[in-house]
Amino acid sequence: MVLQLFRKTPLAWRQLMKEKTRLAIAVAGITFADMLIFIQMGFESALFDAAIQPHRNLRADLVLTNPQFQTLFSVKSFSRERLYQALSYDGVESVNSVYIATGQWRNPATRMDRAILVWGVDPVEPGLTFPELSTKKDFLKPLNQVLYDEAGRPEYGEVGKIFRETGSFATELNSKAVNVKGLFSNGASFAADGNVIASHSTFLQIFTERKADQIEVGLITLKPGADIEQVKAQLKAGLNPDPNQIAVDVDTPEGFAQRERNYWATGTGIGFIFGLGVGVGFIVGIVIVYQILYSDVSDHLPEYATLKAMGYTDGYLLGVLLQEAIFLAVLGYLPAFFLSFGLYQLTYTATMLPIFMKVDRAINVFILTVIMCSVSGAIAMRKLRAADPADIF
8 MVLQLFRKTP
18 LAWRQLMKEK
28 TRLAIAVAGI
38 TFADMLIFIQ
48 MGFESALFDA
58 AIQPHRNLRA
68 DLVLTNPQFQ
78 TLFSVKSFSR
88 ERLYQALSYD
98 GVESVNSVYI
108 ATGQWRNPAT
118 RMDRAILVWG
128 VDPVEPGLTF
138 PELSTKKDFL
148 KPLNQVLYDE
158 AGRPEYGEVG
168 KIFRETGSFA
178 TELNSKAVNV
188 KGLFSNGASF
198 AADGNVIASH
208 STFLQIFTER
218 KADQIEVGLI
228 TLKPGADIEQ
238 VKAQLKAGLN
248 PDPNQIAVDV
258 DTPEGFAQRE
268 RNYWATGTGI
278 GFIFGLGVGV
288 GFIVGIVIVY
298 QILYSDVSDH
308 LPEYATLKAM
318 GYTDGYLLGV
328 LLQEAIFLAV
338 LGYLPAFFLS
348 FGLYQLTYTA
358 TMLPIFMKVD
368 RAINVFILTV
378 IMCSVSGAIA
388 MRKLRAADPA
398 DIF
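Per our numbering, the sequence shown starts with residue 8, numbered consecutively.
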């Protein structure tokens with residue numbers, strides 16, 4: 008039916024092509040609005056993906072954390088004894104622990120310190136799924152040796168380049184001498200611009216005020232065939248029997264990641280800011296398309312009045328106007344879609360954030376564009392209704 012409608016009424020396309028300058032301005036305006044939406048959605052998605060990427064690299068079926076945990080930027084610790092208690096439950100095969108803290112990394116070239124997220128792991132069973140860690144975990148066994156996140160910000164120094172050339176990189180972390188013995192890739196996030204992995208012993212050497220029995224994340228591995236949700240419910244109930252005792256939270260790694268994401272989306276103004284940017288782009292597009300369609304209707308008002316005198320209904324003319332709106336939506340969306348690829352790549356190079364085009368985002372922006380242009384067409388229809396056949400006589 009839609010195809011028949013487009014074959015039957017080439018009027019919309021002909022009117023658009025008649026005023027090529029106006030068409031170019033309209034397409035440019037829609038492209039700008041779509042690019043604004045793409046950029047806002049891309050930044051939001053990239054920042055959230057970067058924030059939860061470390062959580063998704065935890066090697067565990069269930070995760071124990073302090074219930075006051077909100078973000079890795081200000082992580083709360085709890086007693087490792089609570090983690091060992093989980094071993095007494097059916098379905099639990101093994102447990103592991105991870106220390107997390109923010110340290111000060113010194114760039115040897117500039118002598119400037121910069122905050123970096125430090126992960127303390129068991130060098131025998133690290134508890135993290137980074138591919139590089141599985142082959143280099145033995146390097147962490149000696150004290151003061153670390154693995155460095157080469158996807159971090161360049162302000163930390165040319166760590167990756169120097170390490171590949173010399174096989175080592177010496178610097179200071181919290182004013183303690185450390186030596187980089189390997190590289191891995193995670194990337195910058197809200198919590199920190201880079202990451203370092205160290206053994207439990209090295210972590211406690213770097214953060215001398217920390218107590219060995221206070222951990223940030225407990226990792227629980229279940230036996231094959233164990234029901235995750237059932238064990239999770241048992242641990243939640245069994246590990247928190249006393250209201251006077253410090254509670255622990257039990258969740259899956261993905262649930263743990265979503266807590267971090269929700270913090271940045273709803274606990275800060277970031278989600279509102281990006282949502283506002285999308286809304287502004289949408290409104291800008293509506294205004295631009297409305298101005299173009301309104302001008303087109305005004306210029307051809309006598310022709311529309313003639314069509315109404317010939318028997319064409321308002322519904323038919325509205326269809327023509329909506330077709331123009333859809334043509335404009337497609338013509339404006341395509342250049343915005345391809346230009347956004349370049350902007351995403353430029354942003355990734357400058358910030359090291361994982362910003363890429365996603366299928367669902369491309370579809371959502373296209374739907375928003377069609378709605379944007381359709382709403383503009385519907386508003387401009389008010390002018391079209393004023394086309395009185397009597398005005399041409």
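All C-beta atoms in this analysis are idealised placements derived from N, C-alpha and C, irrespective of residue type, glycine included.
Next on the checklist: Tell me the rounded alpha-carbon separation between ILE213 and ASN64.
Outcome noted: Straight-line measurement puts the Cα of ASN64 at about 23 angstroms from the Cα of ILE213.
Checklist entry - Is ARG21 helix, strand or coil by DSSP? => result DSSP, read as helix, strand or coil, puts ARG21 in helix.
Item to check | Same chain, Cβ closer than 6 angstroms to VAL377, five either side skipped, listed in chain order | outcome: ALA336
Item to check | Residue range of the alpha helix (DSSP H) that includes ILE362 | outcome: Unbroken run through ILE362: none, as it is neither H nor E.
Checklist entry - Quick one: what's got a C-beta closer than 7 angstroms to SER401's C-beta in the same chain, skipping five residues either side? => result Shown here, the chain extends from 8 to 400; a query on residue 401 therefore has no answer.
Item to check | Three-way DSSP call (helix, strand, coil) for THR142 in this model | outcome: helix
Checklist entry - Between GLU310 and the rest of its own chain, which residues show a CB-CB distance below 6 angstroms, the 5 nearest in sequence each way excluded? => result none
Next on the checklist: Measuring straight from C-alpha to C-alpha, what distance separates VAL105 and LEU226?
Outcome noted: 8 angstroms
Item to check | C-alpha distance - PHE146 paired with THR209, whole-angstrom precision | outcome: 12 angstroms
Item to check | Alpha-carbon spacing of MET359 relative to GLN352, whole angstroms | outcome: 10 angstroms
Checklist entry - In terms of residues, what are the limits of the alpha helix (DSSP H) holding GLN60? => result 27-63
Checklist entry - If you draw a straight line from the C-alpha of MET8 to the C-alpha of ALA40, how long is it? => result Low local confidence applies: a pLDDT of 45 at MET8 is under 50, so the model's placement there is unreliable, and no value is given.
Checklist entry - What residue ranges within the segment 123-195 form continuous alpha helix (DSSP H) runs of no fewer than 4 residues, ordered along the chain? => result 138-143 and 166-173
Checklist entry - What is the C-beta distance between ILE107 and LEU79, in whole angstroms, given that I count them as a contact (C-beta under 8 angstroms)? => result 6 angstroms
Next on the checklist: Quick check on the burial criterion: 16 or more other C-beta atoms within 10 angstroms. Buried or exposed for MET379?
Outcome noted: Burial state of MET379 is buried, judged by a 10 Å Cβ sphere holding 16 or more other Cβ atoms.
Item to check | C-alpha gap between LYS148 and ASN371, whole angstroms | outcome: 48 angstroms
Checklist entry - So what does DSSP say about ARG217, is it helix, strand or coil? => result coil
Item to check | Closest by C-alpha distance to ALA200, when choosing among THR28, GLY274 and VAL125 | outcome: In the sequence as displayed, the identity of residue 200 is Asp instead of Ala. Among THR28, GLY274 and VAL125, the Cα nearest to that of ASP200 belongs to VAL125.
Checklist entry - Any idea what DSSP makes of GLN75, helix, strand or coil? => result coil
Next on the checklist: Looking at the strands, I want to know which residues DSSP matches up with ASN202.
Outcome noted: LEU124
Next on the checklist: My output table needs one value for LEU404: the three-state DSSP class, helix, strand or coil.
Outcome noted: Any answer about residue 404 is impossible in this case: the structure gives the chain only from 8 up to 400.
Item to check | Euclidean distance between Cα positions of PHE76 and ALA33 | outcome: 49 angstroms
Item to check | Cβ neighbour criterion (16 or more within 10 Å) applied to GLU267 | outcome: buried
Next on the checklist: For THR178 and ASN193, what's the separation of their Cα atoms in angstroms?
Outcome noted: 20 angstroms
Next on the checklist: From the DSSP secondary-structure annotation, give me the bridge partner or partners of GLN111.
Outcome noted: Per DSSP, ALA122.
Next on the checklist: Can you tell me whether THR228 is helix, strand or coil according to DSSP?
Outcome noted: strand
Checklist entry - If we ignore side chains and look at the alpha-carbon of each, how far apart do LEU12 and LEU23 end up? => result Confidence at LEU12 is low in this model, with a pLDDT of 47, below 50, so its placement is unreliable and the value that follows should be read with caution. The alpha-carbon atoms of LEU12 and LEU23 are separated by roughly 17 angstroms.
Next on the checklist: Our contact map puts LEU43 next to GLY284 with C-beta atoms below 8 angstroms; I'd like the distance itself, whole angstroms only.
Outcome noted: 7 angstroms
Item to check | Coarse secondary structure for LEU246, derived from DSSP in three states | outcome: Note: LEU246 maps to coil in three-state DSSP.
Item to check | Inter-residue CB distance, THR259 and ILE235 (contact presumed, cutoff 8 angstroms) | outcome: 7 angstroms between Cβ atoms; contact.
Checklist entry - Where do the ends of the alpha helix (DSSP H) carrying SER303 lie? => result At residue 303 the sequence reads Asp, which differs from the Ser that was named. ASP303 -> alpha helix (DSSP H) spans 277-306.
Item to check | Whole-number beta carbon distance between GLY174 and LYS143, since they are thought to touch under 8 angstroms | outcome: Not a contact, Cβ separation roughly 12 angstroms.
Checklist entry - Is there contact between the segment 262-276 and the segment 338-358, where contact requires at least three CB pairs shorter than 8 angstroms? => result No, the segment 262-276 does not touch the segment 338-358.
Item to check | As assigned by DSSP and simplified to three states, the class of GLU100 | outcome: strand
Next on the checklist: So, does the segment 48-60 touch the segment 314-327, judging by three or more C-beta pairs under 8 angstroms?
Outcome noted: Look at the beta carbons and you see the segment 48-60 not touching the segment 314-327: under three pairs across the two are nearer than 8 angstroms.
Next on the checklist: Could you tell me the alpha carbon to alpha carbon distance between ALA369 and PHE344, rounded to whole angstroms?
Outcome noted: 7 angstroms
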